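The sequence shown lines up with residues 109 to 215 when you count with this note's numbering.
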Amino acid sequence: QPSSGHNLGLPAMARRPMGWCNRMWSKRINIWECRFMRADKWLVNHPYHEVKFTRPYWLTRRGYPNFPRSPPHEIGPKGQKYCDMSKIHQQELRENRRSQDLVPSSE
109 QPSSGHNLGL PAMARRPMGW CNRMWSKRIN IWECRFMRAD KWLVNHPYHE
159 VKFTRPYWLT RRGYPNFPRS PPHEIGPKGQ KYCDMSKIHQ QELRENRRSQ
209 DLVPSSE
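So this is what it looks like as structure tokens:
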């Protein structure tokens with residue numbers, strides 16, 4: 109059989125790669141690996157890709173809701189901007205007392 113460069117046989121396949129080029133190649137590292145670089149540096153190294161995104165009107169620039177979930181005139185009396193949680197708790201206590209008064213005692 110004529111021997112070509114591709115068919116070197118078993119002894120040649122078992123040889124370890126030698127030489128300065130192979131030594132450098134064996135010590136290669138992936139510079140994009142997060143273990144070798146902090147996350148902020150890793151993100152800054154990447155090119156900026158502009159993304160076409162139209163922000164919906166119901167979100168702020170930071171992504172928070174732009175409007176309250178319920179209009180203030182439905183929450184409480186006129187002119188009250190925030191919900192008074194103490195009034196809600198007092199109302200729950202009154203309802204619990206009423207329901208306890210309606211339940212006959214088993215004694």
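C-beta: ideal position from N, C-alpha, C; glycine also.
Being a predicted model, the structure only gives us computed values, none of them experimental.
Residue i - containing alpha helix (DSSP H), residue span
i	result
H157	It is not in any alpha helix (DSSP H) - H157 carries neither H nor E in the DSSP assignment.
K135	Element bounds for K135: n/a, residue is neither H nor E.
N204	193-210
N153	147-153
Pairwise C-alpha distance: residue j and residue i
i	j	result
K195	R205	15 Å
D209	H197	18 Å
Residue closest to residue i, alpha-carbon to alpha-carbon, out of the options
i	options	result
F161	P125, P176, R169	R169
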